[in-house]
Amino acid sequence: MLAAAHRRPLAAEHDSAGVLQRIVEGAAEVTGARYAALGVYDSDGAITTFVHHGIEDAAAHRIGRLPRGEGLLGRVIVADSPIRLDDLGSDPRSCGFPEHHPPMRSFLGAPIGRSGRRFGNLYLTEKAGGSSFDDEDEALVMALAAFAACAIENNELIASERARAAAAARQVEAEESERAKRETLVAVIAAQEAERARVSRDLHDDIGQALTSVLLGLRLIDGPDDVTMAEPGEVRRRVDELRDLVAAALRQTRRLAFELRPTVLDDVGLAPALSRLAAEVAERSGLRVDAVVDGAPERDHLAADVATVVYRVVQEALTNVVRHANASTASVAVTVHSGRLRAVVEDDGIGFDPLAPATGHLGLQGMKERAQLVDGTVHVVSAPGSGTTVVLEVPVG
171 MLAAAHRRPL
181 AAEHDSAGVL
191 QRIVEGAAEV
201 TGARYAALGV
211 YDSDGAITTF
221 VHHGIEDAAA
231 HRIGRLPRGE
241 GLLGRVIVAD
251 SPIRLDDLGS
261 DPRSCGFPEH
271 HPPMRSFLGA
281 PIGRSGRRFG
291 NLYLTEKAGG
301 SSFDDEDEAL
311 VMALAAFAAC
321 AIENNELIAS
331 ERARAAAAAR
341 QVEAEESERA
351 KRETLVAVIA
361 AQEAERARVS
371 RDLHDDIGQA
381 LTSVLLGLRL
391 IDGPDDVTMA
401 EPGEVRRRVD
411 ELRDLVAAAL
421 RQTRRLAFEL
431 RPTVLDDVGL
441 APALSRLAAE
451 VAERSGLRVD
461 AVVDGAPERD
471 HLAADVATVV
481 YRVVQEALTN
491 VVRHANASTA
501 SVAVTVHSGR
511 LRAVVEDDGI
521 GFDPLAPATG
531 HLGLQGMKER
541 AQLVDGTVHV
551 VSAPGSGTTV
561 VLEVPVG
């Protein structure tokens with residue numbers, strides 16, 4: 171399993187079930203567990219995804235029903251820390267096993283969750299040699315549970331983004347002429363595919379490398395021929411290194427999730443989302459980015475599709491500044507007057523000729539098409555050597 175993981179990073183998987191299956195298999199291998207399983211539950215407690223390792227398909231079919239998140243497994247989901255037992259059957263929280271289920275004694279279960287949400291549980295049983303799971307097993311399973319939470323949340327974000335794109339396409343289809351429908355749908359699909367490609371690159375290049383490094387580190391910790399692992403201090407040092415890698419991957423995942431769909435846009439509105447965007451661009455690029463967005467309407471006073479378009483256009487304009495403008499400062503200003511929202515992104519960079527064919531790669535057409543979805547307009551003012559100003563206007567009355 172680990173050898174395969176080294177050839178293909180976890181983040182390169184195209185579906186969350188595949189990622190979760192590899193996490194379960196990796197958890198079993200590095201801890202020496204005979205059985206491992208991971209369950210994802212919805213808000214009503216119904217299981218939506220279940221992957222397992224160690225029980226053959228024919229045996230699983232004889233067992234029948236999937237775990238229901240009751241008893242001890244239910245406690246694992248809501249627990250603040252992993253649950254570790256020497257004898258699963260003797261614990262009063264255990265509900266026993268269904269018919270045809272293999273016997274299990276030693277147990278280690280960890281909750282899967284992030285940012286106050288609980289998605290499910292990752293649990294292992296029957297450690298090799300009849301021994302009990304230890305502190306190092308617990309640390310490793312907690313790290314893998316954190317990765318599982320990232321995979322589940324990323325899958326939700328991508329599904330939500332696809333649903334939003336599909337809804338926008340349906341709205342366009344109902345209101346536009348046949349020719350306009352075809353053109354807009356092509357533009358939406360192209361933008362969606364470009365976004366998926368960017369997400370895939372970020373997952374593969376950043377998070378994928380971190381996951382591969384963690385799995386390599388897990389193999390070193392688990393390797394029986396590594397004599398240096400006889401020292402407890404060396405084990406702890408390597409576990410600390412793995413935790414640092416997990417923390418870095420989680421930070422990258424949060425950044426990626428924010429770019430896919432900033433939760434603050436739904437939680438508190440456009441102005442905080444744009445302020446945070448400007449701050450993150452400044453931190454990553456070294457540019458000075460000033461944001462004056464107090465004029466943005468409050469969350470309850472602005473349609474969700476309009477807020478999304480404004481955010482995406484400003485995001486694309488700032489991305490162009492970082493990639494192409496060779497600027498030292500940029501600014502974002504949002505005002506509302508006479509029922510129209512006006513968002514202006516300016517920079518002091520090298521500028522360009524907006525009419526030149528070579529400017530197509532800057533995504534200006536994509537910004538204009540986004541604005542048209544909410545009856546808005548985008549125009550660009552620039553010239554070589556004089557910086558660039560992107561102006562978005564959208565009706566909000």
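Note that the numbering used here gives residue 310 to position 140 of the sequence shown, counting from 1, and the numbers run on in steps of one. Glycine included, C-beta positions come from ideal geometry on N, C-alpha and C.
- Between the alpha carbons of R493 and R245 lies a gap of roughly 49 Å.
- Between H471 and C320, the alpha-carbon positions lie close to 32 Å from each other.
- Of the residues assessed, S285 falls on the exposed side of the cut-off, its CB having fewer than 16 other CB atoms within 10 angstroms.
- A straight line joining the alpha-carbon of A203 with that of L294 spans about 6 Å.
- 8 Å or more divides the Cβ of V564 from the Cβ of V462.
- The beta-bridge partner set that DSSP reports for E516 consists of S501, T559.
- Listed as beta-bridge partners of Y211 by DSSP are I217.
- In this structure G209 is in contact with G290, their Cβ atoms being roughly 5 Å apart against a cut-off of 8 Å.
- Taking a cut-off of 8 Å on C-beta distances, the region 509 to 529 touches the region 551 to 563, as three or more cross pairs fall below it.
- Taking the Cβ atoms as the reference, F522 lies roughly 18 Å from S501, outside the contact range of under 8 Å.
- According to DSSP, D460 shares a beta bridge with S501.
- Around the beta-carbon of N496, fewer than 16 other beta-carbon atoms lie within 10 Å, marking it exposed.
- Assigned with DSSP and collapsed to three states, E453 falls in helix.
- Below 8 Å, enough C-beta pairs join the region 190 to 207 and the region 293 to 311 to call them touching: three or more.
- Put simply, of S276, L543, T489 the residue whose alpha carbon is nearest the alpha carbon of A473 is L543.
- C-alpha of D464 to C-alpha of A315: approximately 40 Å in a straight line.
- With a minimum length of 4 residues, there is no unbroken run of alpha helix (DSSP H) contained wholly in the region 259 to 326.
- In the DSSP assignment, V476 falls within the alpha helix (DSSP H) that extends over 474 to 490.
- When DSSP states are grouped into helix, strand and coil, A229 belongs to the helix group.
- Counting the other Cβ atoms within 10 Å of the Cβ of G533 gives 16 or more, which makes it buried.
- In this model, A503 and A230 are separated by some 59 Å (Cα to Cα).
- In this structure E486 is buried. Its beta-carbon is surrounded by 16 or more other beta-carbon atoms within 10 angstroms.
- Pairing L488 with V451 gives a Cβ-Cβ distance under 8 Å.
- In the three-state DSSP reduction, A203 falls in the strand class (E or B).
- In this structure, the alpha-carbon of Q535 lies about 49 Å from that of H223.
- A distance below 7 Å between beta-carbons, with the five flanking residues on each side excluded, links D307 to the following residues of its chain, in chain order: T201, L278.
- Distances from the CA of D227 to each of E331, D250, H271, I253 were compared; the closest alpha carbon is that of H271.
- Rounded to whole angstroms, T218 and D212 show a C-alpha spacing of 6 Å.
- Burial state of T547 is exposed, judged by a 10 Å Cβ sphere holding fewer than 16 other Cβ atoms.
- Contact annotation: A333 and L292 have beta-carbon atoms that are not nearer than 8 Å.
- Contact between G509 and V566 is confirmed by a C-beta separation of about 6 Å, below the 8 Å threshold.
- In this structure, DSSP gives V416 a helical state, which the three-state scheme calls helix.
- Closest in alpha carbon position to V342, among R540, G555, I193, is R540.
- Rounded to the nearest angstrom, the Cβ distance from V409 to P467 is 49 Å, too far for a contact under 8 Å.
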